Amino acid sequence: MGFPTYWMINTALSSRQQLFTEPQSLWLQFTNWSELSRDLDGVPVVSMLTNSAFIAIGTTVLTILLSVLCAYALSRYKFHGRGAAAFLLFSTQMVPQGVFLIPIYTLFLGLGLVNNLWGLVLVNAAFSLPISTFIIKAAIDGIPYELEEAARVDNSPPLSTLTVVILPLILPSIAAAAVLAFFAGWGELMYATTFITDRAEWPASVGLSVLVSQPGVSMPAVMAVSVMFAAPAVAFFLFVQRHIVSGLTAGAVKG
Amino acid sequence: MTARADAKEPLRLRLVRSARNGMTPVMLLAGPFIFLGVMIIWPLIEQVWISLTDARLTNPSAGEFVGLQNYATALSGSALPRVLLNTMVYTVGTTVIALVIGVLAAVVVNMKFAGNSVVKAILATPWAIPSVAAALIWLWMFSQSRGVINRGLEALGQDGIAWLTSEPWAMVAVIAVTAWQAVPFVMLVTLAALKSVPQETAEASRIDGAPRLGTFQWVIWPHILPTVRLLAILQVIEALRKWDIIAVLTQGGPVNSTNTLVIAIQRQAFEYQQLGMGATYAIIGITIAIVFTLAYLLLERREEKKNTR
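In order, the protein sequence lines correspond to chains A and B. The working numbering puts the first sequence at residues 1 to 255. The working numbering puts the second sequence at residues 1001 to 1309.
Below you can see the structure in the form of structure tokens.
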């Protein structure tokens, strides 16, 4: 399970000659920095990673904002059409995202959102919304009404009840939902590669897939960019791993 | 006075009332659902229309109405059955492998041993690696002449395999990579479920002389079964939508042997530029997804009834 990750780093640090004329060393080499930096020259690594970060952060913010509202309404109110609303969310979760590729493309053509990172933010947020809502709703379901009652004695409006009473209690679940949304935006390829043709707007996922398909590609360079692309996500993930699991399982795993 | 009387009333009731005369849930849901309406519902309707036209990528909204012709072509050709078969093999393959390895890994990591947390971190990492990067790592490892996997095979005296360019190995390869990325999630969630197994029960059964496997089978497994079932569903959904790994590794080839539904939709529309036909594939896919969802909900409901009886 750990070997491929090691091999990515190993390949990034190998020279092209080592890869193609002799068997790749099983141990890490640290002598090929100059060749690597030459191969990376002309690859817009910084702009690729910045674009990915833009998409990921935008997706996370929009998803969390909308899904907290959604989850609170579904958890705390009884109203006509609640079942229908929940079912609608559930079914968008079940349908593969790829099936919306064509109509969203034509929609974005009309709105001028093709070749626009904001378009990808909207797409990724739409697909992250259902799962995020379910995670947060499960967490709100677990909070006793009495807590809110206490806050409602002084007749504060519901939105402030939500932000003052509920939000601090469901932070682990919000973190879990946020990580899922962030990863969805950070690594997404299908919509990005179909919608973004402008080189300056490429996120890292698209840049990498184009880089590897070019003739005479340098595998160490591809792997080096992969490492830079993966490292922030892996670090982030290991850092918040505990919260992700406790947040995800707040409602799901009761046994 | 009235405020105090109000406060004694259960909040749920007050909320119901405020929902009846107020706007609150509507206000809360308006934003999210307008958003979903524009991004999901409207495109869905648009999609049905496109599937009934001969729209091409060059004239996306000016296709001519052709009725059910796309559907007739898709359903009578030999491409669609192959696509559906591929999708099924890929989905079942990745789900079964990810669940088996993920649950085993969770059981192992749940034991107490030195270095336990390092092993856990290493096992969990692939989940956080972006799919494109993961696919590229394996692309290099699967390389026929220079890849480390064939090197291993040759060291064992076997012939190297053209992993990504021959049947059925291309399918095996994409399933392996997808499962590699899915195992950590299964492991972490199963681990959380394992932690919630009451220690006394497990210990009691051990003291009663049950063998280790027996304890697992009779005490632990029933406890984590609901979690595993949920993971299976999540994994099926994930496999049905997976695009990037296959797109990077095989682009659906060789000879369509890894051409799953989502790959086929994208190729029809943006490679062959036939938006109408791509939309038709998508509608067929949505129909299948809905049938499975309903079947799942029905099963779930029946199961619940059985349990409450």
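For each residue, glycine too, the CB sits at the ideal point set by N, CA and C. These numbers were taken from a predicted model, which means no experiment stands behind them.
- request: Give a yes or no on whether 8 Å exceeds the smallest Cβ distance from B:Met-1317 to chain A.
  value: The structure shown has nothing for residue 1317 of chain B, since chain B only spans 1001 to 1309.
- request: Measure the C-alpha to C-alpha separation of A:Pro-203 and A:Phe-229 and round it to an integer number of angstroms.
  value: Here the alpha carbons of A:Phe-229 and A:Pro-203 stand approximately 10 Å from one another.
- request: At 9 Å on the CB atoms, spell out the chain E contacts of A:Ser-91, in chain order.
  value: Given the protein chain composition of this structure (A and B), no chain E is represented.
query: Does the distance from the CB of A:Ile-174 to the CB of A:Ile-64 come in under 8 Å?
result: Their beta carbons are under 8 Å apart, which means A:Ile-174 touches A:Ile-64 by this criterion.
- request: For my contact list, A:Ile-143 and A:Leu-169 are in at a C-beta cut-off of 8 Å; report their separation, rounded to the angstrom.
  value: 6 Å
Chain-ordered chain A contacts of B:Glu-1046 [CB-CB under 8 Å]: Pro-103, Thr-106 and Leu-107
query: Quick one: is A:Pro-4 near chain B, going by C-beta distance under 8 Å?
result: yes
message: Quick check: is the beta carbon of A:Pro-44 nearer than 8 Å to any beta carbon in chain B?
response: no
- prompt: DSSP state of A:Leu-248, grouped into three classes?
  reply: helix
query: In three-state DSSP terms, what is A:Phe-20?
result: helix
- prompt: Where B:Arg-1301 and B:Ile-1161 are concerned, what is the direct C-alpha to C-alpha distance, given to the nearest angstrom?
  reply: 47 Å
message: Looking only at its chain, what residues have a beta carbon closer than 8 Å to the beta carbon of B:Val-1169, apart from the 5 residues adjacent to it on each side?
response: Note on identity: in this sequence residue 1169 of chain B is Trp, with Val being the wrong assignment. Once the five neighbours on either side are set aside, the close Cβ partners of B:Trp-1169 are Ile-1161, Ala-1162 and Trp-1163.
message: If contacts are defined as beta-carbon pairs under 8 Å, then A:Ile-196 and A:Val-206 qualify, I think. What distance do you get, rounded to the angstrom?
response: 6 Å
- request: State yes or no: is the C-beta of B:Asn-1116 nearer than 7 Å to some heavy atom of the ligand GTP?
  value: Absent from the structure shown: the ligand GTP. Ligands present: none.
message: Tell me the rounded alpha-carbon separation between B:Asn-1021 and B:Phe-1033.
response: Unreliable positioning characterises B:Asn-1021 in this predicted model, as indicated by a pLDDT of 42, which lies under 50. A coordinate reading is not provided.
query: Does DSSP classify B:Thr-1250 as helix, strand or coil?
result: coil
query: Helix, strand or coil: how does DSSP classify A:Thr-163 here?
result: Looking at A:Thr-163 - three-state DSSP - the assignment turns out to be helix.
query: A:Trp-118 lies in the alpha helix (DSSP H); which residues open and close that run?
result: 117-141
- prompt: Helix, strand or coil: how does DSSP classify B:Asn-1021 here?
  reply: The predicted model places B:Asn-1021 with a pLDDT of 42, which falls under 50 and marks its position as unreliable; any figure quoted below should be read in that light. The DSSP-derived three-state label of B:Asn-1021 is helix.
task: Count the other CB atoms, across all protein chains shown, that sit within 10 Å of the CB of B:Ser-1131; report buried if there are 16 or more and exposed otherwise.
output: buried
- prompt: What residues from chain B crowd round A:Ser-209, counting only those whose CB sits closer than 9 Å?
  reply: Val-1132, Ala-1135, Leu-1136, Asp-1244, Ala-1247 and Val-1248
query: Under the rule that 16 or more other beta-carbon atoms within 10 Å means buried, what is A:Arg-76, buried or exposed?
result: buried
field: Burial state of B:Glu-1304 (16 or more Cβ within 10 Å)
entry: exposed
query: Comparing the C-beta of A:Trp-118 with each C-beta of chain B, is any distance below 8 Å?
result: no
Range of the contiguous alpha helix (DSSP H) that encloses A:Ala-56: 45-76
- request: Using DSSP bridges, identify the partner residues of B:Phe-1065.
  value: B:Thr-1053
query: For chain B, is any of its Cβ atoms less than 8 Å away from the one on A:Leu-69?
result: yes
query: Which one of B:Thr-1260, B:Ala-1282, B:Phe-1216 and B:Tyr-1272 has the shortest CA to CA distance from B:Val-1048?
result: B:Ala-1282
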